[in-house]
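Before any comments, here is the structure.
Numbering (the UniProt record's numbering), first residue to last: 1 to 530.
As structure tokens, then:
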């Protein structure tokens, strides 16, 4: 619906209050929400202090904490000193989720009770199988329900709703931007042909004023390496022999980082950084686009096992949206990676997953039963830390025949607490786990079976690498990073001495490239932004 339609609707029903009730057995609601328990928030924890009685003579209700309340009721709740409001404020001050019940209960027990409409004017995309994995973990240690993000297949729900609706949740462009575009076109019409940026999405994850403290040492290490990869690309692909106009020396920390998506697919990171142009000894600001290389490979020749579609390693697995929130999978020695597999339909099968570190130490092996209807599986093996830096391999086997493999990088750290790492700490973090043992059980008997030779020379090289610091550590990091990431392009934010370097605003990918769908502009005379 448009804003004008919302204004017309609320003007017509200005005396009503729109709240959605839970619509189920009240005693069960009270128990499930923990309203019969006493809670106190203190030191960023929610403490359960004991049991309590519901006030007598009060009809307790609750439901969604998204609602539309009229001015009269809001003034009553805010300023009234009558018994109901005073007692309910006190009661709900010691409640786990007060906003999901306070307004419902006060409204239904107040002189405004006839103004309640059991509709909060919104569609919520509940998929409780995915979104309620651990609801309240039996009245606290917190884990609630969360709706799923809308996707294009859900569009018909906006058009077919029988009750008045004006709002919907959730929308999230890093998960799916297409649905937002569909709604935009539905309400306001198509953009003119040739409008740039319609299928692109940029999300800022760091800006210089945020402070380096907002970045992990893993992220800072990787972003520095990404900017160096960009400078190397400028030097190798843009400059002519004997000409220094496109050669650069990196300066300072990255100044801005964006995630970049195109057609709802993650395209990598955009790193804005300073560098000195060696031809004119002047500081320039550049932006580098780095993209992850494809690391998942089906075995060749392919086995007759066809259910596996994809596998990926990362952290921050979101079981609801079925993606890793750590976009790009930036991992360091103290991270705890999760292995994810995506499956097609088929018969129940058992597969074996094997984790191999950079010097062919088998860190973990386990079996997963894949049921016929399973779409995703994920597991975090309890590995002893630190993980050895380098490129790891995950092998997936069926009846001990390899079906596929994927790789992931555990980067060595060039920073510790945002400062250049010292050798003592580098050795501690970069030497692998104590006694080379990722688990109590050793899997070295599998090395010959899997044709994974353990080389003394490789182990010695890893030991020497663990002590690297400074420029030699940077070089090691860059050699690893360039194996799994590629610098796709680089552009200039401002003036540049490199004659063939494109301005960022002229590219289709830069965070500074045109994005008309996201530009609001001045407020129009009718109060609208668009």
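Positions of the beta carbon are idealized from the N, C-alpha and C atoms, including for glycine.
- For residue 354, the three-state secondary structure derived from DSSP is strand.
- The beta-bridge partner set that DSSP reports for residue 275 consists of 250, 284.
- Just so you know, the alpha carbons of residue 85 and residue 47 end up roughly 24 angstroms apart.
- Taking a contact to require three or more Cβ pairs closer than 8 angstroms, the stretch 315-331 and the stretch 419-437 do not qualify as touching.
- Between the stretch 37-55 and the stretch 117-126 there are fewer than three inter-stretch CB-CB distances shorter than 8 angstroms, so the stretches are not counted as touching.
- The beta carbons of residue 337 and residue 331 sit about 6 angstroms from each other, so the pair counts as a contact at 8 angstroms.
- Inclusion of residue 327 and residue 271 in the CB contact set at 8 angstroms is not warranted, their separation being larger than that value.
- Assignment of residue 132 by DSSP, reduced to helix, strand and coil, places it in the coil class.
- At the C-beta level, residue 407 and residue 484 come within 8 angstroms of one another.
- Residue pairing of residue 118 in beta bridges, as defined by DSSP: 19.
- When 388, 420, 306 are compared, the shortest CA-CA separation from residue 370 is found for 306.
- At the C-beta level, residue 170 and residue 150 come within 8 angstroms of one another.
- Its chain contains 230, 233, 234, 286, 288 as the residues whose beta carbon lies nearer than 6 angstroms to that of residue 490, once the 5 sequence neighbours on both sides are disregarded; these appear in chain order.
- For residue 448, the three-state secondary structure derived from DSSP is helix.
- Between residue 339 and residue 394 the beta-carbon gap is near 6 angstroms, inside 8 angstroms, which marks them as a contact.
- With the rule of 3 Cβ pairs closer than 8 angstroms, the stretch 169-185 does not count as touching the stretch 372-391.
- Secondary structure at residue 478: helix, using DSSP grouped into helix, strand and coil.
- Taking residue 324 as the centre and dropping the five residues before and after it, the same chain places the C-beta of 312, 314, 315, 316, 317, 318, 338, 340 closer than 8 angstroms to its C-beta, in chain order.
- Residue pairing of residue 369 in beta bridges, as defined by DSSP: 350.
- Only buried fits residue 107, as 16 or more other CB atoms lie within 10 angstroms of its CB.
- Across the set 168, 412, 52, 11, the C-alpha of 412 shows the shortest separation from the C-alpha of residue 431.
- For residue 230, no beta strand (DSSP E) segment is defined; the enclosing uninterrupted segment is the alpha helix (DSSP H) at 217-238.
- Per DSSP, the unbroken alpha helix (DSSP H) holding residue 30 starts and ends at 26-33.
- Counting only runs that start and end inside the stretch 451-505, the beta strand (DSSP E) elements of at least 3 residues fall at 485-492.
- It is roughly 11 angstroms from the alpha-carbon of residue 459 to the alpha-carbon of residue 357.
- Of 10, 264, 284, the smallest CA-CA separation from residue 252 is found for 284.
- Contact between the stretch 210-217 and the stretch 274-283 is absent: fewer than 3 CB-CB pairs across the two stretches fall below 8 angstroms.
- Here DSSP, grouped into helix, strand and coil, assigns residue 156 to helix.
- Residue state for residue 37 is assigned as strand, using DSSP reduced to three classes.
- Residue environment analysis places residue 79 among the exposed positions, since fewer than 16 neighbouring C-beta atoms fall within 10 angstroms of its C-beta.
- For residue 423, the enclosing alpha helix (DSSP H) stretches over residues 423-430.
- When Cβ pairs closer than 8 angstroms are counted between the two stretches, the stretch 19-29 is seen to touch the stretch 59-71, the count reaching three or more.
- As computed with DSSP, residue 313 is found in a beta bridge with 339.
- Counted as a single uninterrupted DSSP element, the beta strand (DSSP E) harbouring residue 396 occupies residues 390-398.
- The residues 19, 21, 61, 62, 63, in chain order, have a CB closer than 7 angstroms to that of residue 104 in the same chain once the five nearest residues on each side in sequence are set aside.
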